[in-house]
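Have a look at the structure below, then the notes.
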Amino acid sequence: MPAFPVPGSRRRIRSAHVMAAGCAVAICTALAAPVAADGGTTTTTTTTTTTTKPTIVLVHGAFADASSWNGVVERLERRGYTVIAPANPLRGLYTDSTYIASVLDSIKGPIVLAGHSYGGAVISTAAAANPRVKSLVYVSALMPDVGESGMSLGAKFPSELGTATKSVPYRAGGVSGTDLYLKPDRIHPVFAADLPENTARVMAVTQRPAATTAFSETAKVAAWKHIPSWFLVAKQDKTINPDQERFEAKRAGSHTVEINSSHVAMISHPDAVTALLLQAATATDPARPALAATGTTRGARAETALTGIAASTLLAGTGAVLLGRRLRRSRS
403 MPAFPVPGSR RRIRSAHVMA AGCAVAICTA LAAPVAADGG TTTTTTTTTT TTKPTIVLVH
463 GAFADASSWN GVVERLERRG YTVIAPANPL RGLYTDSTYI ASVLDSIKGP IVLAGHSYGG
523 AVISTAAAAN PRVKSLVYVS ALMPDVGESG MSLGAKFPSE LGTATKSVPY RAGGVSGTDL
583 YLKPDRIHPV FAADLPENTA RVMAVTQRPA ATTAFSETAK VAAWKHIPSW FLVAKQDKTI
643 NPDQERFEAK RAGSHTVEIN SSHVAMISHP DAVTALLLQA ATATDPARPA LAATGTTRGA
703 RAETALTGIA ASTLLAGTGA VLLGRRLRRS RS
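First residue of the sequence shown: 403, per the numbering used here; consecutive thereafter.
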């Protein structure tokens, strides 16, 4: 004869069923919750996300001035970006990077920092202590590691620059040193071969010399080790060896593009340079350089999610055991 539950046992069974159902829902919820890009789970709450466009700072290199960025500045401003192209002093790596760092300190919000030629060495130092610099962009640039200089890199990857410069002593405010100028007849073939010759002649007249200390001082920091970077390799560069540019970009884990350009890519190919800057400016979750990775929060968040699923599974198992015990008691 079948055993019937005693009065009140149905209420206990119903409660146990509810408990088990709740546990099942918990498991389904944990398993089905989509994982967001940063490793967190999404919610059904509707929110409005406001994206602040970064300020783009463009640092020129040796033998040039900020006007070398004019074509790029115009294109970025048409897209609604705030752009600053400060004057790089060209007096030495330590002096120049300190000055550019002070410019960065005056800017509110995120920053994309770009450097051309020697300006690449400057931004690698200037950005090191600034958490608001979200991306570094190198345009046919120097990208020294700690202990390296423009001269030491050039020795490993020779170019025609050594045959294109002349030394001129200078004195200023009680300080004396040596400036490097480009020889007027070498600017077109070595520095700006894809620009008209008359443009190169104007560049020869208006060039800003760089002190030899700009190339001899060694880097004490390398911001590209912890800040995502983009690199434009100029395949026809005679000032910095393209193989040096490729070496630097690969070592830093940079997002890299190559174009058929002379050294002054931002003048001869402003659209390509602008496109690379926009990539850096709009990257929502740029990968950190692989060489500098010491672990990310993404792995920890994933582990937390798995732990939550395991806990839900354990809770469900406990509920099932309790249900079985209560059913056995009701039948006894």
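Note that CB positions come from ideal geometry on N, CA and C, so glycine has one too.
Annotation for R610: A464, F465, A466, D467, L492 place their beta carbon closer than 8 Å to its own, counting only its chain and skipping 5 residues before and after. The beta-carbon separation of T454 and G522, rounded to 26 Å, does not stay under the 8 Å limit for a contact.
The beta carbons of A667 and V659 sit no closer together than 8 Å. Distances from the CA of S631 to each of K640, A654, D673 were compared; the closest alpha carbon is that of A654. Taken atom to atom, the span from the alpha-carbon of E479 to that of L680 is near 11 Å. Close CB contacts of T620 within its chain, under the 7 Å cut and outside five residues either way in sequence, are with G549, E550, S551 (chain order).
Within the same chain, V459, I525, A529, V535, L538 come within 6 Å of L515 by CB-CB distance, once the 5 residues on both sides are set aside. The C-alpha of V592 is placed about 15 Å away from the C-alpha of G556. The Cβ atoms of D581 and V570 lie closer than 8 Å to each other. Runs of alpha helix (DSSP H) with 4 or more residues, each lying fully within the region 589 to 645, are found at 599 to 608, 615 to 618, listed in chain order. Between the C-alpha atoms of K652 and K637 there is a straight-line separation of about 15 Å. Contact check for F617 against M545 fails: the beta carbons are separated by 8 Å or more.
Annotation: the continuous alpha helix (DSSP H) that includes R477 extends over 472 to 480. Each residue's CA atom was taken as its position, placing T601 and S508 some 34 Å apart. Per DSSP, the continuous alpha helix (DSSP H) segment holding D507 begins and ends at 495 to 507. Secondary structure at R534: coil, using DSSP grouped into helix, strand and coil. Distance from the CA of H657 to the CA of G575, rounded to the nearest whole angstrom, comes to 43 Å. Restricting attention to T527, S519, S561, the CA atom closest to the CA of V541 is found in S519. Per DSSP, reduced to three states, the secondary structure at E562 is helical.
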